[in-house]
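Enquirer: Take a look at the following structure, please.
4 protein chains.
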Amino acid sequence: MPLTPEQQAEIDALRATPRATLRAVSEGMEAHLYRAHEVLDHGFVRVIDYMGDDAAIVQAARVSYGAGTRKVNDDSGLIRYLMRHWHSTPFEMCEVKLHVKLPIFVARQWIRHRTANVNEYSARYSIMDREFYIPAAEHLAAQSTVNNQGRGATLQGDEAARVLEILKSDAARSYDHYEEMLSQDGQQGLARELARMNLPANIYTQWYWKTDLHNLFHFLRLRADPHAQYEIRVYAEAIARVVADWVPVAFGAFEDYRMGGVTLSAKAIAVLKRRLAGETVTQEDSGMSKGEWREFTEIWG
Amino acid sequence: MPLTPEQQAEIDALRATPRATLRAVSEGMEAHLYRAHEVLDHGFVRVIDYMGDDAAIVQAARVSYGAGTRKVNDDSGLIRYLMRHWHSTPFEMCEVKLHVKLPIFVARQWIRHRTANVNEYSARYSIMDREFYIPAAEHLAAQSTVNNQGRGATLQGDEAARVLEILKSDAARSYDHYEEMLSQDGQQGLARELARMNLPANIYTQWYWKTDLHNLFHFLRLRADPHAQYEIRVYAEAIARVVADWVPVAFGAFEDYRMGGVTLSAKAIAVLKRRLAGETVTQEDSGMSKGEWREFTEIWG
Amino acid sequence: MPLTPEQQAEIDALRATPRATLRAVSEGMEAHLYRAHEVLDHGFVRVIDYMGDDAAIVQAARVSYGAGTRKVNDDSGLIRYLMRHWHSTPFEMCEVKLHVKLPIFVARQWIRHRTANVNEYSARYSIMDREFYIPAAEHLAAQSTVNNQGRGATLQGDEAARVLEILKSDAARSYDHYEEMLSQDGQQGLARELARMNLPANIYTQWYWKTDLHNLFHFLRLRADPHAQYEIRVYAEAIARVVADWVPVAFGAFEDYRMGGVTLSAKAIAVLKRRLAGETVTQEDSGMSKGEWREFTEIWG
Amino acid sequence: MPLTPEQQAEIDALRATPRATLRAVSEGMEAHLYRAHEVLDHGFVRVIDYMGDDAAIVQAARVSYGAGTRKVNDDSGLIRYLMRHWHSTPFEMCEVKLHVKLPIFVARQWIRHRTANVNEYSARYSIMDREFYIPAAEHLAAQSTVNNQGRGATLQGDEAARVLEILKSDAARSYDHYEEMLSQDGQQGLARELARMNLPANIYTQWYWKTDLHNLFHFLRLRADPHAQYEIRVYAEAIARVVADWVPVAFGAFEDYRMGGVTLSAKAIAVLKRRLAGETVTQEDSGMSKGEWREFTEIWG
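Chains as they are written, first to last, in our numbering: chain A, 8 to 308; chain B, 8 to 308; chain C, 8 to 308; chain D, 8 to 308.
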């Protein structure tokens, strides 16, 4: 239950007072504004502000292409054309600002997306809350045996219980000690910027994160992907649902060309053409490495 | 007269239909939306969209500093503190999208500000309009005799007339030839992407330009500066007037700390301290070069 | 003939004095250093400096993946894996600095690649040289009749002659007038920052351009593509030849996965799978638009 | 003792084999290559590669300003001029790649400098080492009583001992549990990407970090500043010493204009001018807030 009654009251107040604007408005996005979409056990994603809609993408493209674009008289067709041909600048004309609460180990992956603006809660300045991510039983997974960077089966029985117990008790003890070190009750009290170093990577932080639609799509492509770590993927999926309501046409194109699409190498194209011509191709005469061939056959059989 | 009756009608239509939003609204900015601010002889700046206001800067800062910022209970004081200490990320939480019409030689300076999103009219795709920047008589300046990169006195009499005549007739001829080469009347017609190379740098182009408030302030500091070329400075000044209405508190801090401020070197600090102590300091014993001393005394006498 | 005897002498001097370094050295790249690769009629590309080689990409990847990468004991396999899975950061660990001389209309396209460092010759500060791009007869192409943004057949006979005559005489006259306006012989002399506006977009400028290998590959993918304008494509192709000598393994992966590769949409995947299963698919039952189908069948028949 | 004998042997091998290059070479920087500068208890900074030197800055500036710069015939004067007037692009022409080992809470501040390339050790992929930052007694500071974001006096006696004991034992226990959860001895073994969440923010990570000199100066200005947290400041100071040997002229200008310099607001300029004219100015009639006045008088008395 990530939201306190105070937070809910603040959200209700913000949502109760619409104002007049002459700007582009996305009705689908207005329905999301300020509302917290719960993610993991204590996290959330909230839309704080946005700029633009599907029509803003079209409008920007028409500035570039001038009267020439009149031929594509269907906005949806134009947006799909832009996506297909990697014309990314019109998508940059939409912007979104999110409030996200997330564990620090997720934040450390997320921040690697550099083309964004961020204001994070400062543990130098303020005291962290006692909130830690503890995985649900079904997400407590063993190390993958085939992929260094992945998960295998769910942990069973005693092992799962032991792991959960460790995560909970270490988090609790670390936080108790954090408070104890900070305390100015009968002692000087350690500086916040130092005390924070005792806190584990599953403690929650929060930030405002602002980016444009092109870079957001790039984030979603990498982080809503099945190979992304589950704990960041659920954030990406929550954001993807919001984007689908914000710019439905652009999101549809993104799903078709990016999320559902695939990139073929020159070698892979050659193999597919031989197959289409009726030939049987093996890894040995494909020109691909074993790893490449395995990835190729996962899609094409 | 940069606006045609059709353009004015389109602006009027856009301004006639306010819609409800739950987002932050800046009343000062709403008054500017879509309106063209005329710049130079055929150029303009128009606000197409914006995100955030002064309160959004404060809100983002409070996410970072948490409860700790409650001590600064005055929003204006907090914004001024952020500006003074170069805490730039809260200012990045505001965004603006402009439609700008400008000569190509101005666009070439402008585009060097990389942290922005741009959709420019494409002369590969479409045909350029016959519109050229011709300086007003009072802006037709001689080369500076003291600064390689600057202007001196206004050109006088015959020379001014000759220059204007050259600029006008060369522009007209270049455009006539551009049309002639493009024409498919009795000939194949040169490709647009080639024909454009005959057009001079004072022809007008246009673009959508979107950036955040921090980077916009950086742009304004460099381009609204007296050392900037007049033809880009007038655009920066037009934008500055818009920003003053959009985020009046942040703009006030920007004027005090950036536009009206000055950076002193360690050597300059030392000289000022000696002067404050009653000492007379000369260039020779200041540790400064002649150029540096000249710049120093321009401000401090 | 873009190089003067003085320039060639300077290059010879720079190449005559090797020095000792402990840094990574790419022998293939050393052979290119400072040498001018001629492009168009007066342009060139020269490597001024570089950082890293194929091994530096592997080294950076092994920092990320630690002991885990030992399994991929073949450097070439690792580089191909990184390219295939869009792990771009190891490629960012290589950097190159080029000196490029190019027409302004090419520079205007080029500069849109924002993740680069640029120092361009300043026409505010200095006087431009009298050098213009005049297309060779075989590159004087008509506007495409099927693509707003492309070229069709080569111009024939009289029309080609008329176009060349226009381009040459307008360039010459613009430059004569530029010099005339700048002249301080018996007059004040127009400021350089103003006089430059009379110069057409085919005049040559020059710059230092520095970028990392990941962003350079992105530039090459877009600009060495057959759909890119010929006049920028020849620069991209010249750079591609240099990169092939600098980081041969990475360049090989780039050619296979990017230049020679193709991205399929979810719809295209579905169609290919139906075809592989022996089904005949038409545009009507493919789910694709006519434009999409045309692009699809250009590759897959 | 951050370096193992194996690491030292590797460094010695790299330093033993100079190769010939035609590139710009900085002798001061060659002396640093690969050597580890120890920082904190287990951290280090090592130069892996670099591009350019003081002369490369001058060379890039002369491309921009052409023959006009001949007037400043002294390279040092030109570099100081560029720094004074915020002409940042020539400084971007130098690049450096560092290998840094640092605690995660320091890495989280550092990564906020976005204009850099990073490859970090992946705890999804590999197993973290058992190395934690434990502050030396003299750096174990109490929370500042005047600044939410700072340190006060050093902790005394029992309190210091208690804090150190907590930091050490929590780190040890967290790591023991990390290993226990990962273990595949008689159990499945938790996925690395999950187990890492139990590790505290003072565990060491490492990365390759590559940036240009302009952005490095910006990093140093913020992080070598007395207001920066001690634990990142020592990294900045170690890097600053390296930069002083790499580009001594540019670093001298940076020290004078940035590190030793100060920015005055319009209000501060007015107060200083009144003081220079002999007037006594108080906070009340200075136009400054109390906080601003305090900061002002800290410098000017």
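The C-beta atom is built at its ideal place from N, Cα and C for all residues, glycine as well.
What you are looking at is a predicted structure, and each value in this text was computed from that prediction instead of being measured.
Would you call N126 (chain A) buried or exposed, if buried means 16 or more other Cβ atoms sit within 10 Å of its Cβ?
Expert: Buried is the call here.
Enquirer: So if I threshold CB-CB distances at 7 Å, which residues from the region 119-132 of chain D count as touching chain B?
Expert: Residues: none.
Enquirer: For A251 (chain B), which of B:H92, B:G193, B:D60 and B:E238 has the nearest alpha-carbon?
Expert: It is B:D60 whose Cα lies nearest to the Cα of A251 (chain B).
Enquirer: Please list, in chain order, the chain A residues whose beta carbon lies closer than 8 Å to that of P110 (chain D).
Expert: By Cβ distance, chain A contributes M204.
Enquirer: Output, in sequence order along the chain, the residues in the region 88-109 of chain B whose CB is closer than 7 Å to any CB in chain A.
Expert: The region 88-109 of chain B vs chain A, Cβ under 7 Å: T96, P97, E99, M100, E102 and K104.
Enquirer: Mapping the DSSP letters down to three states, classify L109 (chain B) as helix, strand or coil.
Expert: It is a strand residue.
Enquirer: Under a three-way DSSP split, which group does M90 (chain A) fall into?
Expert: Looking at M90 (chain A) - three-state DSSP - the assignment turns out to be helix.
Enquirer: Name, please, each residue of chain B whose Cβ falls closer than 9 Å to the Cβ of L40 (chain A).
Expert: Correct list: T28, L29 and R30.
Enquirer: Since Y215 (chain D) is in the beta strand (DSSP E), which residue starts that stretch and which ends it?
Expert: Start and end: Y211 to D219.
Enquirer: At the 8 Å Cβ level, is Y264 (chain D) part of the contact set with chain B, yes or no?
Expert: Yes, Y264 (chain D) counts as interfacial toward chain B.
Enquirer: Starting from E37 (chain A), trace the beta strand (DSSP E) both ways and give me its first and last residue.
Expert: From DSSP, E37 (chain A) is part of no beta strand (DSSP E) but of the alpha helix (DSSP H) over E34 to E37.
Enquirer: From the DSSP output, in three-state form, read off G124 (chain C) for me.
Expert: In the sequence as presented, Gly is not what sits at residue 124 (chain C); that position holds Asn. Correct three-state label for N124 (chain C): strand.
Enquirer: Name, in chain order, the residues that DSSP records as bridge partners for V54 (chain C).
Expert: Partner(s): C:L40 and C:L105.
Enquirer: Could you check whether the region 136-156 of chain A touches the region 102-113 of chain D, counting it as contact only if at least three pairs of C-beta atoms, one from each stretch, sit closer than 8 Å?
Expert: As far as the Cβ criterion goes, the region 136-156 of chain A does not touch the region 102-113 of chain D, which means the pair count is below three.
Enquirer: Could you say which of C:K175, C:Y185, C:R158 and C:L147 lies nearest to A167 (chain C) if we only look at CA atoms?
Expert: Of the listed residues, the one whose Cα sits closest to A167 (chain C) is C:L147.
Enquirer: Which same chain residues, not among the five before or five after Y264 (chain A), have their C-beta less than 8 Å away from its C-beta?
Expert: Within the same chain, Y264 (chain A) has close Cβ partners R87, M90 and R91.
Enquirer: Going by C-alpha distance, which of B:K280, B:K274 and B:W307 is nearest E291 (chain B)?
Expert: Nearest of B:K280, B:K274 and B:W307 to E291 (chain B), Cα basis: B:K274.
Enquirer: From the beta carbon of A114 (chain C), is the nearest beta carbon of chain D less than 8 Å away?
Expert: Chain D contact via Cβ: absent.
Enquirer: Taking E299 (chain B) as the query, report the chain D residues whose CB atoms sit under 8 Å from its CB, ordered along the chain.
Expert: Those are R87 and R91, listed as they occur along chain D.
Enquirer: Let's see if you can read the secondary structure: which residues bound the alpha helix (DSSP H) around R69 (chain A)?
Expert: Segment D61 to Y72, the alpha helix (DSSP H) holding R69 (chain A).
Enquirer: Run down chain A in chain order and give the residues with a C-beta less than 8 Å from the C-beta of I173 (chain D).
Expert: Simply H184, E187, M188 and N205.
Enquirer: Could you name the residues of chain D that G259 (chain B) contacts, counting a contact when the two beta carbons are closer than 9 Å?
Expert: By Cβ distance, chain D contributes nothing, its closest Cβ being about 11 Å from G259 (chain B), past 9 Å.
Enquirer: Output the residue ranges of the beta strand (DSSP E) runs that lie fully inside the region 137-172 of chain B and measure 3 residues or longer, sorted by chain position.
Expert: Within the region 137-172 of chain B, the complete beta strand (DSSP E) runs of at least 3 residues are 148-150 and 158-161.
Enquirer: Within the same chain, show all residues whose beta-carbon is closer than 8 Å to that of S133 (chain B), passing over the 5 residues directly before and after it, in chain order.
Expert: Correct list, in chain order: R199.
Enquirer: Applying a beta-carbon distance threshold of less than 9 Å, which residues of chain C neighbour A273 (chain A)?
Expert: The answer, in chain order, is E262, D263, Y264, M266, G267, G268 and V269.
Enquirer: Could you tell me whether any Cβ in chain A is nearer than 8 Å to the Cβ of L220 (chain C)?
Expert: No, its Cβ sits nowhere closer than 8 Å to a Cβ of chain A.
Enquirer: Is any beta-carbon of chain B found at less than 8 Å from that of P255 (chain A)?
Expert: Taking Cβ atoms only, chain B never reaches closer than 8 Å to P255 (chain A), which makes this a no.
Enquirer: Give me the residue from D:A143, D:F226 and D:I210 with the minimum Cα distance to W313 (chain D).
Expert: A question about residue 313 (chain D) goes unanswered here, because the residues of chain D that appear run from 8 up to 308.
Enquirer: Within 10 angstroms of its Cβ, does E299 (chain A) collect 16 or more other Cβ (buried), or is it exposed?
Expert: So E299 (chain A) ends up on the buried side.
Enquirer: For chain A, check one thing: does any of its Cβ atoms lie closer than 8 Å to the Cβ of M135 (chain D)?
Expert: No, M135 (chain D) lies away from the interface with chain A (no Cβ there is under 8 Å from its Cβ).
Enquirer: Under 9 Å between beta-carbons, which chain B residues line up against L283 (chain D)? List them in chain order, please.
Expert: Correct list: L279, R282, L283, W307 and G308.
Enquirer: Return the residue from the list B:S33, B:K297, B:M135 and B:P207 that minimises the CA-CA distance to S181 (chain B).
Expert: S181 (chain B) has its Cα closest to that of B:P207, out of B:S33, B:K297, B:M135 and B:P207.
Enquirer: Look up P255 (chain B) in the DSSP assignment and say whether it is helix, strand or coil.
Expert: In the structure shown, P255 (chain B) sits in a helix (DSSP, three-state: H, G or I).
Enquirer: Could you name the residues of the same chain whose beta carbon sits closer than 6 Å to that of L40 (chain D), not counting the 5 residues immediately before and after it, in chain order?
Expert: The residues are V54.
Enquirer: For L283 (chain A), is the classification buried or exposed, using 16 other Cβ atoms within 10 angstroms of its Cβ as the cut-off for buried?
Expert: Label assigned to L283 (chain A): exposed.
Enquirer: With a threshold of 16 other CB atoms inside 10 Å of the CB of Q194 (chain C), please say whether the residue is buried or exposed.
Expert: Buried: at least 16 other Cβ atoms inside 10 Å.
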